[in-house]
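J.: Quick note, the sequence shown lines up with residues 969 to 1068 if you use the working numbering.
Note that the Cβ used here is the ideal one computed from N, Cα and C, for glycine as well.
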Amino acid sequence: KEWEEVFSLMFDLPELRLPNKKSVEALVAAFKYAQPKAEFPLEAVLRLRRNTTAQLQFIKYAVHGLSVTLNWFEHKPLEPIMGLPGAEGGPNTAGPGNCW
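#1: In angstroms with no decimal places, state the Cα-to-Cα distance between residue 1010 and residue 1039.
#2: Less than 8 Å between C-beta atoms, sequence neighbours within five positions excluded: which residues of the same chain meet that for residue 1003?
#3: Which term fits residue 986, buried or exposed, when burial requires 16 or more other beta carbons within 10 angstroms of its beta carbon?
#4: Report all residues from its chain with a CB closer than 7 Å to the CB of residue 1022; omit the five preceding and five following residues, and keep chain order.
#5: Buried or exposed for residue 977, please, with buried defined as at least 16 other CB atoms from any protein chain shown within 10 angstroms of its CB.
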């Protein structure tokens, strides 16, 4: 659980850059080394972050396919991002279970 928090906080570091697929795979590999039996905490990447550049870089390479498998189906439901239109959770909005 502590390692999940560490990797979550990394996406708030302004210095974090993930300019290529290899850097994303290295980040996932580091997590797997620290937590061999745990899934990479995708919630850390999918919720609103301070370093949106690193966040979007990670998502870009992750959805294009990595040599490691990420389990997109098992992540925890995300809270709505308040302040966005539709954050109240109506259909086709930024509420729970919808993309922001």
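T.: Result, derived from the coordinates:
#1: Per the coordinates, the alpha-carbon of residue 1010 lies some 8 Å from the alpha-carbon of residue 1039.
#2: The beta carbon of residue 1003 sits closer than 8 Å to the beta carbons of 971 and 972 from its chain, once the five residues preceding and following it are set aside; these are given in chain order.
#3: So residue 986 ends up on the buried side.
#4: These residues qualify, in order along the chain: 979, 984, 985 and 986.
#5: With fewer than 16 Cβ atoms within 10 Å of its Cβ, residue 977 is classed as exposed.
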